[in-house]
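For the sequence shown, my numbering gives the first residue as 67, with consecutive numbering after it. The beta carbon of each residue, even a glycine, is placed where N, CA and C say it ideally should be. Owing to the predicted nature of the structure, the values given are computational and were not obtained by experimental measurement.
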Amino acid sequence: MKLRAVIVGVVLTLVVAATAYAVGFNQASPFQFDPFKTMLVQGSWLSGIGCPTDATVHDGTTASSFSAGACNAAAGGGDSSDRGNEGLLLAKTGPTVGNFASSGAILRNVSGLVLTELGYDLRKPAGPPDARGSHCGAGAPRFNVTTSVAFYFVGCNSPPGTVTFSGDGWIRLRWTGSNLVGFNFATGNFETITGAVISINILFDEGTDASGGPDEFGLAVLDNIDVNGTLVGRGSTSAN
């Protein structure tokens, strides 16, 4: 009887593990790294600041549907599970190097994937070189990608993501194909991202004095984070 229970338990564990793995990328958990309690960083999903896909607007008399050009149906839409038009707010106020603090998001259930595509929607009226809107620097916001081969940085503007769609204050950025490149710290070179994924995080650690981008804004709003074509555009509204 005990042996049977053990066997059943093992089988259930394997089934749960296999199911969890099969789910794939499905969550982006915000965080704040602020060990010295400076209270100068923020990472949080907030309703009402995301890229609108089939949102409802009202002029006082009539309701109608509204979608931004970067995330409308022609662009492929957004996260269908996002009911509150959530966006991921990432901010760092004050100095970049002079303050050991950052914000970001941990991407869940990505272990074992082989990357073919990374991306997100960015609240910005034009491409990465534009100084308006969200910060888009060489180092932030960036994907930190650890694979079985190497550790890579993929900065918003280094290498710049391809703007696949834009409009209504948003751009859709994608790193794919020959542009799926990151800075390999072991070699000091920009290289194609290879190997099985161990972890992926988004990090924001450039403040209001950042020199790695066209602005000194220290804040970005992201939405519809893309890993291999799966979009996540909602999450916990408080940082972990």
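Beta-carbon spacing of residue i, residue j below 7 Å
{"i": "Gly135", "j": "Gly233", "result": "yes"}
{"i": "Val176", "j": "Val263", "result": "yes"}
{"i": "Ser224", "j": "Ala286", "result": "no"}
{"i": "Phe231", "j": "Leu156", "result": "no"}
{"i": "Gly142", "j": "Thr119", "result": "no"}
Residues bridged to residue i (per DSSP)
{"i": "Gly227", "result": "In the DSSP output, where bridge partners are listed per residue, Gly227 has none listed."}
{"i": "Ile237", "result": "Leu188 and Ser232"}
{"i": "Phe132", "result": "Ala121"}
{"i": "Pro96", "result": "Ala171"}
{"i": "Ile266", "result": "Leu173 and Val211"}
{"i": "Ala286", "result": "Leu156"}
{"i": "Thr242", "result": "Glu183"}
{"i": "Glu257", "result": "Gly248"}
Distance, residue j Cα to residue i Cα
{"i": "Ile266", "j": "Gly126", "result": "44 Å"}
{"i": "Thr212", "j": "Pro191", "result": "31 Å"}
{"i": "Thr260", "j": "Ser214", "result": "8 Å"}
{"i": "Arg189", "j": "Asp275", "result": "20 Å"}
{"i": "Phe166", "j": "Thr128", "result": "49 Å"}
{"i": "Gly109", "j": "Ser168", "result": "9 Å"}
{"i": "Pro101", "j": "Val107", "result": "11 Å"}
{"i": "Ser95", "j": "Ile172", "result": "5 Å"}
{"i": "Glu282", "j": "Cys202", "result": "10 Å"}
{"i": "Phe219", "j": "Gly170", "result": "14 Å"}
{"i": "Glu152", "j": "Ser244", "result": "31 Å"}
{"i": "Arg208", "j": "Val247", "result": "12 Å"}
{"i": "Asp289", "j": "Ile115", "result": "9 Å"}
{"i": "Asp292", "j": "Gly185", "result": "5 Å"}
{"i": "Gln98", "j": "Gly90", "result": "24 Å"}
{"i": "Leu239", "j": "Met105", "result": "30 Å"}
{"i": "Cys117", "j": "Gly164", "result": "33 Å"}
{"i": "Glu257", "j": "Ser130", "result": "46 Å"}
Boundaries (first-last residue) of the beta strand (DSSP E) holding residue i
{"i": "Arg174", "result": "Ser168 to Arg174"}
{"i": "Gly153", "result": "Glu152 to Lys158"}
{"i": "Ser110", "result": "Val107 to Ser113"}
Cβ contact check for the region 291-300 and the region 250-258: 3 or more pairs under 8 Å | no
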